[in-house]
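Visitor:
Right, here's the structure in full:
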């Protein structure tokens, strides 16, 4: 009984605390303390809009007029609100792409006066983000999946007495929209926010029935919240209807429930680095149990006076904690996979420990922008932002003299890489209104070459890039949007990579746009005489490098990023870094091959990671590729395929040789049948994750493989599958094996030391074949199509056409493009990637290795196979050459020779399907000797004993005398072959779909 009365007393005390009126909190500091000077912006002042700035007069009509003006005249932009008190009496509508930003020594306050009509009996909003402008007297359309770039920042709200149905903000918007730096005094009102969208940060909620009430975000993505505070709500701080919150750094105090999941609705929730204090009923109320959609994770959550941590409504079970103060180190409820070998089971995992003290308050997770008095305006250095004038010099001058540079709205044309100095802060406030742009075919970013970033951070600095769009155009082959190498304390926020979806236009008066497939509102009907072609594919898609490239030990906080440029190889590429990094809210969409790629990455945490695949752009696209990664957490991962994505897709995340990877809260879905079959798949071990939705998965890296070992002579073993026309197989001196995919532009490595395949390159060039030089640099022969619009000496770029003597190919396959080469060190790939120089063959000195096509399809085979072309590509070692011939662009494999070698080599004559034996001259030239056998397709390889392996449906094995020894059957047709492994005892075979290993000795 004594225990009963103690608990009862504690509950009564908590109830009394929760019922006390909330004292007005100390004002939060203003982020924008001065008036930003932006010639494209609008300013809500009495001079501009004719209202009384006395803090008492109703400014509703004037404020709405100002917002409407921004939308009507600019389509996207900013209305700045000066310090002051602004009384409104009706809902203020903020249409898509408009931002309302406060400034002054104190934040401006928008308040609802006591007993304002319209806020007593029906739920109503002070500010409502909408899809567009609504005619006067008509109900606005709610913000939706196409509402981008909207925001409200640095403005406080107050609801005075007598407005029980009042809600400060309705914000059902989508990407690049947010609310931040707001204190909301809800008082007796209903809630601070109704329907969240995308992300919110630095928000404080006082009083009300709830702090936040929300259903799903309008596009169905997860919602990211960082640095939030809730106090004194009567029912719950957050009431969620299937939202999918990822919460970091939340303090909830003096309320019955911190987070409540709506009745009979499964939800996904992650809470981390947070503080719950004086929570009288339950920390978390979970509505649905035993459902894969019900996912709960808590990490490092401090609790004080929270006797019930979790209340499972359906079952009546509670997680009671007797300690007054405790830390939730780890808590998971939902479907759990302990590793890739484990069977999924519903589990509750709990690690809770008592503590002597909890923090009185939380320190902010996110960096703050530097004080405005330290800002300089780039316009003062001559930048124009007109999209035509070259503003590169103005930015370089500003960066050389100052740290904190304000970039007002404008489209700033750059003509070379903008390099940030250590500690540079480039500060914009609207990522579509403020852009760094490239003209089409900008010289420094055009043609073939290594990656060229439009913006490049310093190495290791505490740089900031905020509120700026990065637009690399369509045709700039070498472009990277941003190369980020800044350190752990750097910050990238509110950055849009422009191109594809989310692109807006400035208003153009008196224009009528026509839709090509519609006439008079009726859909055109196709006929043989008047066909209606399918539209929607852009020929420029997937011709650039990556949009956001984080590398060279880059790290820091990356927040609110929308990377959906279909012109880029992928939206995100993180490589070669162990610097801690955190991503908060990133939307990756509409790429052709890969949305996100991580290679050689450790110590990152990624929250609210959202993927979307389109029907036109994404039939071949993987959500993510992760190779050689470790110690990474991915939290609230959403994988979505739109209703137009009718093509089946097998795998979402392809994992290659990764360890200690944790997923928390996974959602994989679409509106139609072809959901991704396996959300996660270990490519080397053939280990799929079957469950589309789960609360937690750990990939240890020590899982047992489902693939057999390659140790039986002549027995093919499938080492990996899921490729498209895998070809170009080659081996280096250590026995490492490389191969590639042409159309999908990917290169893979099978390392001889551990046999774990990884994807090592995905440059936007279609690789034909691979080879290595004497120093084991990888040499790549690829297809190069001249860049449209790239002018050389005043004329469109062209490439020479090489002779081919093939009437079935000439004029069709061999025109308008060329086979070129590049190289890289496989141990330092991106830093060493460079074009292979083209030289006169006669100028090559001390040649030690010559590389020829393994097959030729030509009527003049006997002549051309014995010729030495006029020009060759020379490798980085300076002694390896690849003679330039059009056959490089049609071969699936290459054969290396040493000038003057005694051993013969073999080339396929595709014209008559024979394999021909040739000798090697002192200059590496081949001389035909005789036909070895009446078989041959694309590839052959010779082992140390002189046995020849010839691919032609089967694999024919001939000894060096020309006698057939045996045949090896593979369940798929061989395309290319090489011999590798540490002992050079394994025949590697690529096929249309797979890589096989065959023990040959």
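Numbering (my numbering), first residue to last: 59 to 1059. Yeah, the Cβ is synthetic: ideal placement off N, Cα and C, and Gly gets one too.
Would you mind sorting residue 353 into buried or exposed? The rule is 16 or more other CB atoms within 10 Å of its CB.
Guide: To locate residue 353, count along the chain shown from 1; it is residue 295. Buried.
Visitor: Could you name each continuous beta strand (DSSP E) segment of 3 residues or more that falls completely within the segment 469-521, going from the start of the chain to the end?
Guide: Runs of the beta strand (DSSP E) inside the segment 469-521: 483-485, 492-495, 510-514.
Visitor: Is it buried or exposed, residue 850, if we count other Cβ atoms within 10 angstroms and call 16 or more buried?
Guide: Here residue 850 refers to the residue found at position 792 when the chain shown is read from its first residue. Exposed, because fewer than 16 other Cβ atoms sit within 10 Å of the Cβ of residue 850.
Visitor: What residue range does the alpha helix (DSSP H) around residue 104 cover?
Guide: Start at 1 with the first residue of the chain shown, and residue 104 comes out as number 46. Here the alpha helix (DSSP H) through residue 104 covers 104-107.
Visitor: Look at residue 407 and residue 368 and say whether their C-beta atoms are less than 7 Å apart.
Guide: Against the chain shown, residue 407 aligns to sequence position 349. Against the chain shown, residue 368 aligns to sequence position 310. Result no, Cβ atoms of residue 407 and residue 368 do not sit closer than 7 Å.
Visitor: With DSSP collapsed to three states, give me the class of residue 458.
Guide: Position 400 of the chain shown, counting from 1, holds the residue named residue 458. In this structure, residue 458 counts as helix in the three-state DSSP scheme.
Visitor: In terms of DSSP beta bridges, what is residue 306 paired with?
Guide: To locate residue 306, count along the chain shown from 1; it is residue 248. Residue 306 is bridged to 284, 330.
Visitor: Examine the Cβ distances between the segment 200-216 and the segment 227-240 and report whether three or more of them are shorter than 8 Å.
Guide: As far as the Cβ criterion goes, the segment 200-216 touches the segment 227-240, which means the pair count is three or higher.
Visitor: Use the C-beta contact count for residue 1040: other C-beta atoms within 10 angstroms, 16 or more gives buried, fewer gives exposed.
Guide: One-based indexing of the chain shown puts residue 1040 at position 982. Under this definition residue 1040 is an exposed residue.
Visitor: What span of residues does the beta strand (DSSP E) with residue 385 cover, start to end?
Guide: If you number the chain shown from 1, residue 385 lands on position 327. Run containing residue 385: 383-395, per the beta strand (DSSP E) assignment.
Visitor: For the 8 Å Cβ check, are there 3 or more pairs between the segment 705-724 and the segment 755-768?
Guide: Because the criterion of three Cβ pairs below 8 Å is met, the segment 705-724 and the segment 755-768 touch.
Visitor: Among 365, 965, 700, which one has its Cα closest to the Cα of residue 378?
Guide: Along the chain shown, one-based indexing puts residue 378 at 320. When each option's Cα is compared against that of residue 378, the closest is 365.
Visitor: Grab the span of the alpha helix (DSSP H) containing residue 378 for me, first residue to last.
Guide: Reading the chain shown from its first residue, position 320 is the one you call residue 378. Note, residue 378: premise wrong, no alpha helix (DSSP H); beta strand (DSSP E) at 376-378.
Visitor: Residue 503 and residue 537 - do their beta-carbons sit closer together than 7 Å?
Guide: The sequence position of residue 537 within the chain shown is 479, counting from 1. The sequence position of residue 503 within the chain shown is 445, counting from 1. Yes. Within cutoff.
Visitor: Going by C-alpha distance, which of 878, 471, 338 is nearest residue 290?
Guide: Position 232 of the chain shown, counted from the start, is the residue given in the question as residue 290. Ranking 878, 471, 338 by Cα distance to residue 290 puts 338 first.
Visitor: According to the Cβ coordinates, are residue 739 and residue 732 closer than 7 Å?
Guide: As a position in the chain shown, residue 739 is number 681, starting the count at 1. As a position in the chain shown, residue 732 is number 674, starting the count at 1. In this structure, residue 732 does not lie closer than 7 Å to residue 739 by Cβ.
Visitor: Mind the definition here: the segment 105-122 touches the segment 459-473 only if three or more C-beta pairs lie below 8 Å; say whether that holds.
Guide: The segment 105-122 is not in contact with the segment 459-473.
Visitor: Within the same chain, show all residues whose beta-carbon is closer than 6 Å to that of residue 608, passing over the 5 residues directly before and after it, in chain order.
Guide: Position 550 of the chain shown, counted from the start, is the residue given in the question as residue 608. Answer for residue 608: 542, 632, listed in chain order.
Visitor: DSSP has residue 261 in a bridge; who is on the other side?
Guide: As a working note, residue 261 is residue 203 in the chain shown. Looking at the DSSP assignment, residue 261 forms a beta bridge with 240, 286.
Visitor: Let me check one thing: in DSSP terms, what residues is residue 879 bridge-paired to?
Guide: The sequence position of residue 879 within the chain shown is 821, counting from 1. BP columns for residue 879 point to 839.
Visitor: Might you give, ordered along the chain, the residues of its own chain that have their beta carbon closer than 6 Å to the beta carbon of residue 772, omitting 5 neighbours on each side?
Guide: Here the question's residue 772 lines up with position 714 in the chain shown. Around residue 772: 1026.
Visitor: What's the C-alpha gap between residue 530 and residue 820?
Guide: By one-based count along the chain shown, residue 530 stands at place 472. By one-based count along the chain shown, residue 820 stands at place 762. Residue 530 and residue 820: Cα-Cα distance of roughly 19 Å.
Visitor: Quick one: grab the DSSP three-state call for residue 215.
Guide: Position 157 of the chain shown holds residue 215. Residue state, collapsed to three classes: strand.
Visitor: Excluding the five sequence neighbours on either side, which residues of its own chain have a C-beta within less than 6 Å of the C-beta of residue 275, listed in chain order?
Guide: The residue labelled residue 275 in the question sits at position 217 within the chain shown. If we look at residue 275 and ignore the five residues flanking it on each side, its Cβ neighbours are 255, 281.
Visitor: Please identify the residue among 517, 527, 476 whose C-alpha is closest to the C-alpha of residue 511.
Guide: The count along the chain shown starts at 1 and reaches residue 511 at position 453. Selected option, being the one with the closest Cα: 476.
Visitor: Using the DSSP secondary-structure output, state which residues sit across from residue 724 in a beta bridge.
Guide: Your numbering for residue 724 matches position 666 in the chain shown. DSSP lists 695, 752 as partners of residue 724.
Visitor: So the candidates are 972, 784, 885; which of them puts its Cα closest to the Cα of residue 1053?
Guide: Walking along the chain shown from the start, residue 1053 turns up at place 995. That would be 784, whose Cα lies nearest to the Cα of residue 1053.
Visitor: Do residue 456 and residue 449 have their C-beta atoms within less than 7 Å of each other?
Guide: The residue labelled residue 456 in the question sits at position 398 within the chain shown. The residue labelled residue 449 in the question sits at position 391 within the chain shown. No, the pair does not count as a contact, with Cβ atoms beyond the cut-off.
Visitor: Given that a residue counts as buried once 16 or more other Cβ atoms are within 10 Å of its Cβ, and exposed if not, what is residue 1046?
Guide: The residue you call residue 1046 lines up with position 988 of the chain shown. So residue 1046 ends up on the buried side.
Visitor: Kindly indicate which residue of 359, 859, 804 has the alpha-carbon position closest to the one of residue 305.
Guide: Stepping through the chain shown from its first residue, residue 305 is reached at position 247. Of the listed residues, the one whose Cα sits closest to residue 305 is 359.
Visitor: Helix, strand or coil for residue 121 per DSSP?
Guide: Within the chain shown, numbered from 1, the residue matching residue 121 stands at position 63. In this structure, residue 121 counts as helix in the three-state DSSP scheme.
Visitor: Using only CA atoms, which one of 96, 299, 711, 842 lies nearest to residue 435?
Guide: Locating residue 435 in the chain shown gives position 377, counting from the first residue. When only C-alpha atoms are compared, the closest one is 96.
Visitor: Candidates 229, 484, 521, 557: which alpha carbon is nearest residue 199's?
Guide: On the chain shown, residue 199 is found 141 positions in, with the first residue counted as 1. Of 229, 484, 521, 557, the residue nearest in Cα terms is 229.
Visitor: Cβ atoms of residue 626 and residue 599: under 7 Å apart, would you say?
Guide: Position 541 of the chain shown, counting from 1, holds the residue named residue 599. Position 568 of the chain shown, counting from 1, holds the residue named residue 626. Cβ atoms of residue 599 and residue 626: not closer than 7 Å.
Visitor: Please check the pair residue 583 and residue 522, which I expect to be a contact at CB under 8 Å, by giving their CB distance rounded to whole angstroms.
Guide: Looking up residue 583 in the chain shown gives position 525. Looking up residue 522 in the chain shown gives position 464. With 8 Å as the limit, residue 583 and residue 522 do not qualify as a contact, their Cβ atoms being about 55 Å apart.
Visitor: How many Å lie between residue 302 and residue 174 at the Cα?
Guide: Reading the chain shown from its first residue, position 244 is the one you call residue 302. Reading the chain shown from its first residue, position 116 is the one you call residue 174. Each residue's alpha carbon lies about 34 Å from the other.
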